[in-house]
Amino acid sequence: MNGHEVQVRVRYGETDQMGVVYHGSYVPYFEIGRVEWLRNKGVSYKALEESGIALPIVSMHLNYKKPARYDDMLTINTKLKKYSGVKIEFDCEIRNENEELLTTAHFILVFVDIKNGKPIVPPNYILDILKAEV
6 MNGHEVQVRV RYGETDQMGV VYHGSYVPYF EIGRVEWLRN KGVSYKALEE SGIALPIVSM
66 HLNYKKPARY DDMLTINTKL KKYSGVKIEF DCEIRNENEE LLTTAHFILV FVDIKNGKPI
126 VPPNYILDIL KAEV
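In my numbering, the protein residues as written are 6 to 139.
See below:
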């Protein structure tokens, strides 16, 4: 999968009593991947919000293939799948240090005006990034 990669080490608090990553811990991992994907393209999520634009998730699908475990070094790969108008879609995956595919995910996010909560077309500088990626 081509895309942007970031690594995260599994912390003890992200696991259950068996040392396996709790299913709810994966959503923050993928959030790290998307935020770092944007940062890699020159877009600060913080600056985006300060400019009045939010990017909430409206749909997500996760597929757990193998468990991640305490102290594993995970590689999160994030790839823009497509964009259209106000929506962007990402395909993501997490692999362990042995390159084993652990989890895949698909996210749909919508650009939203923070003041009124309505979907908006992103600014041109973001459109240029999106066009270059797909």
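In this text, a Cβ means the ideal position worked out from N, Cα and C, and glycines have one as well. The model shown is predicted, which means the values in this text are computed figures rather than measured ones.
Looking at C-alpha atoms only, which residue of the options is the closest neighbour of residue i?
| i | options | result |
| --- | --- | --- |
| Thr-108 | Val-40, His-28, Trp-42 | His-28 |
| Lys-136 | Leu-106, Glu-94, Lys-123, Glu-102 | Glu-94 |
| Asn-121 | Ser-89, Pro-128, Ala-59, Leu-53 | Ala-59 |
| Glu-102 | Glu-54, Pro-33, Lys-71, Val-63 | Lys-71 |
| Met-65 | Pro-128, Glu-138, Asn-129, Phe-112 | Phe-112 |
Report the rounded CA-to-CA distance for residue i versus residue j, giving the unit in angstroms.
| i | j | result |
| --- | --- | --- |
| Arg-16 | Gly-38 | 17 Å |
| Asp-118 | Met-23 | 43 Å |
| Ile-134 | Glu-36 | 19 Å |
| Thr-83 | Ile-125 | 23 Å |
| Lys-123 | Tyr-88 | 17 Å |
| Ala-73 | Leu-79 | 8 Å |
| Val-91 | Val-115 | 6 Å |
| Cys-97 | Ser-56 | 27 Å |
Hey, residue i and residue j are a contact pair by Cβ (cut 8 Å); roughly how many whole angstroms apart?
| i | j | result |
| --- | --- | --- |
| Ile-131 | Val-48 | 6 Å |
| Tyr-34 | Ile-99 | 6 Å |
| Glu-41 | Ser-30 | That belief does not hold up - the Cβ atoms of Glu-41 and Ser-30 are roughly 17 Å apart, past 8 Å. |
| Leu-85 | Val-11 | Their Cβ separation, rounded to whole angstroms, is 15 Å, which puts Leu-85 and Val-11 out of contact at 8 Å. |
Taking the beta carbon of residue i as the centre, do at least 16 other beta carbons fall within 10 Å, making it buried, or is it exposed?
| i | result |
| --- | --- |
| Val-13 | buried |
| Ala-52 | exposed |
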